[in-house]
Amino acid sequence: MTTNYDTLFEKASAAAGHGLDVVLPRKSAIGRRRWILKMHGDVRHPTQIVLTRRHMVMYDAANRPSAALLQSLLLTKHLVIIGASMTDPNVVRPAHEVDAYRKEHGQRPRGAYGTVLDAGSSSASQGRLWKGQLDWVDLPGMGIGSGPRTLEILLDRVGMFASSESSWLLDPRFSGLLRDDDQKLAQRVRELAVDVSRSNYTWRPLRDALMSLGVDGETFDA
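Now the structure itself:
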């Protein structure tokens, strides 16, 4: 689920080989495995984008089912919230309604029902406001980095540990994901690749292996 109306998520999913079956609310997700809900509309359908103050005020009248889907996730899952400010009334109101619903029906607290990964500067105050509902993770306060870059660093590392794919390992663009000693080792291997490029056909298996780990093919044409 996202409040953004760009197509970046679809592009990223396609690039990872996991295209989306449906983009809600334009199409039905019944029987579909992969879907995304764009709560504030889709740039490909600009007349339905939620943008102005009037759109926000009138949101519930036209888009109540979208908010209900968010509430169903809050009631049945542990929701991870990435990069959202949690100040959008169309997100805040459904979340508070879920909290009131749980209290009204005597649900015993079993910890927060969501976790917010925050890269902003208001983590301390926001964490207090949402205490008992959402666990607020202050990424800059953990020393990961500063600003939105903290989310990029964290998600890159999550992707690294979640995947067995190693095609990035020797690519210098991703050296920041490695520890200092591993960076030095990767640099030595890249230097070895230059020597392999000057070798004969005998070393082709090694050249292919190095390319599969991220060494630029142009290195072998030097």
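Residue numbers for the sequence shown follow my numbering, so the first one is 126 and each next one is one higher.
C-beta: ideal position from N, C-alpha, C; glycine also.
Considered as a whole, the region 234-259 harbours 248-254 as its complete alpha helix (DSSP H) runs of no fewer than 4 residues, in chain order. Separation of Asp306 and Gly266 (C-alpha to C-alpha, rounded to the nearest whole angstrom) is 25 Å.
The Cβ neighbour count for Gln232, taken over all protein chains shown within 10 Å, is under 16; the residue is labelled exposed. Ranked by how close their Cα comes to the Cα of Ala139, the residues Thr327, Ala244, Ser288, Trp160 have Trp160 in first place. Less than 8 Å divides the Cβ of Ile278 from the Cβ of Gly270. Arg315 counts as buried, since at least 16 other C-beta atoms from the protein chains shown sit within 10 angstroms of its C-beta. Taking the CA atoms as reference points, Ala237 sits about 15 Å from Glu222.
Every beta strand (DSSP E) stretch that sits fully inside the region 149-203 and reaches 3 residues is listed by chain position as 160-162. With 16 or more other Cβ atoms from the protein chains shown falling within 10 Å of its own Cβ, Gln251 counts as buried. Judged by DSSP in its simplified three-state form, Val216 adopts helix. The C-alpha of Leu303 is placed about 44 Å away from the C-alpha of Arg227. Contact between Val241 and Ile206 holds, with the beta-carbon distance rounding to 5 Å and staying under 8 Å.
Tyr130 and Met285 have their C-alpha atoms spaced approximately 27 Å apart. Rounded to whole angstroms, the separation of the alpha carbons of Trp328 and Gly142 is 32 Å.
Between Trp261 and Asp281, the C-beta gap is not smaller than 8 Å, which leaves the two residues out of contact. Thr327 sits in a helix when the DSSP states are folded into three classes.
Here the C-alpha atom of Arg253 lies approximately 10 Å from the C-alpha atom of Leu259.
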